[in-house]
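Notes follow the structure.
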Amino acid sequence: MENLEFEQMKAQMAVLEKKIADQEIVNERLISESMKDKLSWIKKFIFGELILAPITVIIWLGISIFAHIPLWLTLIMAIGCAIDIYFDWKINITPIKENDFDRQNLIETAEKLHKMKRQRAIQTIAGTVSVIIFFVAVAIVVYLRNFKDANLFDNPSARDSALIGGCVGMVIGIIIGVICIYKIFKKMQRSNDKIIQQIEEISSEK
Numbered sequence: 037m038e039n040l041e042f043e044q045m046k047a048q049m050a051v052l053e054k055k056i057a058d059q060e061i062v063n064e065r066l067i068s069e070s071m072k073d074k075l076s077w078i079k080k081f082i083f084g085e086l087i088l089a090p091i092t093v094i095i096w097l098g099i100s101i102f103a104h105i106p107l108w109l110t111l112i113m114a115i116g117c118a119i120d121i122y123f124d125w126k127i128n129i130t131p132i133k134e135n136d137f138d139r140q141n142l143i144e145t146a147e148k149l150h151k152m153k154r155q156r157a158i159q160t161i162a163g164t165v166s167v168i169i170f171f172v173a174v175a176i177v178v179y180l181r182n183f184k185d186a187n188l189f190d191n192p193s194a195r196d197s198a199l200i201g202g203c204v205g206m207v208i209g210i211i212i213g214v215i216c217i218y219k220i221f222k223k224m225q226r227s228n229d230k231i232i233q234q235i236e237e238i239s240s241e242k
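Below, the structure is given as structure tokens:
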């Protein structure tokens, strides 16, 4: 009788242990998916860049023809877009593998996320400075090729008026662009911080 009760208790304990193990697996999967979701918007953002970059270059080509901007500046812009997207992908997507959010890999993943933050900060600063320098060069070229010998206050032509409006729009666009870059950068950094905090909480439970 005692042996039968003991065997029943063992069976019940085995069922309970299996349920706990299954629950831990489910919890780990949920945690892993939660961390992946926090980075998923960054991948979508970079795919958006891939779609928008060629459209931007084509639009810029039309502007450059109208404003007598040399082709080599358009080429620099196209190469700059390609380089920026390449580093976006290399810094934000390539380092993170499918199994990086498994419990046994979380410490290494946290280190990757810290490194990603540092590299992203360097890229953002370098990219923002490069964009500002590029548009300053464009403004100088536009002035030299279109306004150097013109009196802008003496009945400017429709074309000159359009160019002036375009230059003003460019300045406003640069300011808005820098603000947007900063906000996107901060959002990316916060995504990393949330995952790192989650990893630290899981690690402290071990």
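Here my numbering is used: the first residue of the sequence shown is 37, the next is one more, and so on.
Think of the CB as a built atom: it goes at the ideal place given N, C-alpha and C, for glycine as much as any other residue.
- A residue is called buried once 16 or more other Cβ atoms fall within 10 Å of its Cβ, and I208, having fewer, is exposed.
- When rounded, the separation of the alpha-carbon atoms in K148 and T164 is 24 Å.
- Residue environment: I127 is assigned as buried (16 or more neighbouring CB atoms within 10 Å of its CB, all protein chains considered).
- Bounds of the alpha helix (DSSP H) holding I238 are A194 to S240.
- Scanning its chain for C-beta atoms nearer than 8 Å, with the 5 sequence neighbours on each side dropped, one finds around L97 the residues T110, in chain order.
- In the three-state reduction of the DSSP assignment, A103 falls in the coil class.
- Each of L86, I129, D138 and L199 was checked against the Cα of I99, and the nearest Cα belongs to L199.
- For the pair V177 and A162, the Cα-to-Cα distance works out to about 23 Å.
- The beta carbon of F221 sits closer than 6 Å to those of T160, all from its chain and outside the five residues before and after it, given in chain order.
- The Cβ atoms of I82 and H150 do not sit closer than 8 Å to each other.
- If the five residues before and after I105 are omitted, its C-beta is found closer than 8 Å to the C-beta atoms of I99, V174, V177, V178 and R181, all from its own chain and listed in chain order.
- S240 and C216 have their C-alpha atoms some 36 Å from each other.
- Going by beta carbons, I121 and A89 fall inside the 8 Å limit.
- Judged by DSSP in its simplified three-state form, P90 adopts helix.
- Shown here, I95 sits in a helix according to DSSP, grouped into three states.
- Per DSSP, N182 is one residue of the alpha helix (DSSP H) stretching across L142 to N182.
- The alpha-carbon of I78 is positioned some 13 Å away from that of L86.
- Taking 8 Å as the cut-off, the Cβ atoms of N228 and K133 do not count as close.
- About 7 Å separates the beta carbons of F170 and M113, which is inside the 8 Å limit, making them a contact pair.
- With distances taken between CA atoms, S76 lies nearest to M224 out of M224, E236, E237 and I95.
- Shown here, K133 sits in coil according to DSSP, grouped into three states, outside any helix or strand.
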